[in-house]
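Residue numbers (the numbering used here): 1208 to 1397.
So, in structure tokens, the structure goes:
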């Protein structure tokens, strides 16, 4: 066998994929992958099997159900006049429709993650301002000297938030107003 067609046992396949042998067996039980078997019935996996597992695992990590993945992978094939097995036009259309739906779900997830990332960055900035304030207070800086700095920092955050909300969030998805800082207040002296 060449390196391209080398078969590896289940334990090595599981280790390479970062999963368990039981997971690979379960995927086999669902009909997602069919490994080669030795005369002793040991499972052996090809590079193509491992690539299929990786795709299944990526789809699972993105929230797709095993049932949905199985349905996509089990599309019927037809024999052509020259004896080759190919997916039918109906199967190709169904697969294309399923992939379009999955792409739409991924696009929606990307939008959600981007919104969450903006919110996390805003919170990080706010916590950074609070930390700088506390460090200066702990260093003995009088609160009177810092009042202007705190107000300016709040105003800058509010201006950035307003600017980001005006172009980044679709109507109805703007972040809630009046966020609370790590110190527990959104306004006034701290």
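Every residue, glycine too, gets a C-beta built ideally from N, C-alpha and C.
Only a predicted model underlies this, so the values are computations on that prediction, with no experimental measurement involved.
Alpha-carbon to alpha-carbon, residue j and residue i
i	j	result
residue 1236	residue 1253	17 Å
residue 1213	residue 1266	26 Å
residue 1313	residue 1346	48 Å
residue 1240	residue 1227	15 Å
residue 1225	residue 1242	18 Å
residue 1352	residue 1269	50 Å
residue 1328	residue 1320	12 Å
residue 1298	residue 1222	34 Å
residue 1285	residue 1369	57 Å
residue 1244	residue 1306	31 Å
residue 1238	residue 1288	27 Å
residue 1376	residue 1326	Because residue 1376 sits at a pLDDT of 48, beneath the cut-off of 50, its placement in the model cannot be relied upon, and the following sentence gives the value as read from the coordinates. Looking at the two C-alpha atoms, the distance is approximately 11 Å.
residue 1219	residue 1251	10 Å
residue 1272	residue 1367	39 Å
residue 1230	residue 1301	27 Å
residue 1340	residue 1331	14 Å
residue 1260	residue 1323	30 Å
residue 1316	residue 1232	30 Å
residue 1263	residue 1310	15 Å
residue 1348	residue 1354	11 Å
residue 1304	residue 1280	13 Å
residue 1274	residue 1356	56 Å
6 Å CB neighbourhood of residue i in its chain, flanking five on each side removed
i	result
residue 1360	1336
Sequence-distant residues of its chain with Cβ nearer than 8 Å to residue i (five each side left out)
i	result
residue 1249	1216, 1217
residue 1277	1237, 1238, 1239
residue 1342	none
Per DSSP, cross-strand counterpart(s) of residue i
i	result
residue 1215	1252
Residue i CB to nearest heavy atom of the ligand GTP below 8 Å
i	result
residue 1269	Ligands in the displayed structure: none, and consequently the ligand GTP is not present.
- Message: List, from N- to C-terminal side, the beta strand (DSSP E) runs of 3 residues or more that fit wholly inside the segment 1265–1316.
- Response: Here the runs fully enclosed are 1284–1286, 1292–1294.
- Complete alpha helix (DSSP H) runs within the segment 1234–1268 (minimum length 4 residues, chain order): Those alpha helix (DSSP H) runs which fall completely within the segment 1234–1268 and span 4+ residues are 1254–1268.
- Item | Sufficient close CB pairs (3 or more, under 8 Å) joining the segment 1291–1299 to the segment 1254–1265 | In short, these stretches do not touch, since the Cβ pair count stays below three.
- Query: Which full runs of the alpha helix (DSSP H) of 4+ residues lie inside the segment 1336–1361, going along the chain?
  - Reply: Counting only runs of 4+ residues, no alpha helix (DSSP H) is found wholly inside the segment 1336–1361.
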